[in-house]
Amino acid sequence: MEDDDDDDEEEVEDEQIKEEEEEVEGEEEEKKGEEKNDHNDEMRKMSRRMKRRKKRKRRRSIMMKKKKKKKKRRRRVMMMMMMIIVVVVLVVVLVLVVVMGMVMVVVVISWWLQSP
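At position 93 of the sequence shown (counting the first as 1) the number is 93 in full-length UniProt numbering, and the numbers step up by one without a gap.
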């Protein structure tokens with residue numbers, strides 16, 4: 001009888017120990033699950049941040065391309081304006097040289113005719 005009581009008590013103690021271990025394991029699994037959830041939340045936040053950064057980079061790159069195109073257009077227009085100004089100045093100088101040459105020819109001829 002006493003042995004049966006001891007066995008029963010041991011079984012009850014064993015069952016209690018198993019239940020406590022299971023509870024501890026369950027709590028550990030819950031903690032792991034929470035850690036996984038925390039990790040997943042962090043990963044989601046990181047992926048959102050990365051997406052935002054990519055969008056910003058795309059917008060910036062598009063804006064930079066537009067700015068570069070505008071700069072190229074401005075440069076092209078400036079170069080054309082400079083070319084036009086240079087051509088006009090050259091034409092004016094050429095006309096002045098031709099006019100001065102004609103005047104010199106007239107002066108030389110008139111001087112030559114008057115000299116004898």
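Idealized CB from N, CA, C, for every residue including glycine. Quick caveat: nothing in here was measured; it's all calculated off a predicted structure.
Could you check the C-alpha separation between residue i and residue j for me, to the nearest Å?
i    : j    : result
V92  : R56  : 53 angstroms
R75  : K69  : 10 angstroms
E10  : M46  : 52 angstroms
M64  : E23  : 60 angstroms
V95  : R73  : 33 angstroms
V107 : Q114 : 11 angstroms
M100 : W112 : 18 angstroms
I85  : V98  : 20 angstroms
S61  : K67  : 10 angstroms
M83  : V89  : 10 angstroms
R44  : R58  : 21 angstroms
N37  : D14  : 34 angstroms
E2   : E42  : For E2, the predicted model reports a pLDDT of 47, less than 50, meaning its position is unreliable; a value from the coordinates is still stated below. The alpha-carbon atoms of E2 and E42 are separated by roughly 59 angstroms.
K51  : E19  : 47 angstroms
S110 : V87  : 34 angstroms
Excluding five sequence neighbours on each side, which residues of the same chain lie with their C-beta closer than 6 angstroms to the C-beta of residue i?
i    : result
M79  : none
V105 : none
Which residues in the same chain have their Cβ closer than 7 angstroms to the Cβ of residue i, if we skip the five residues on either side of it in sequence?
i    : result
R48  : none
N40  : none
V103 : none
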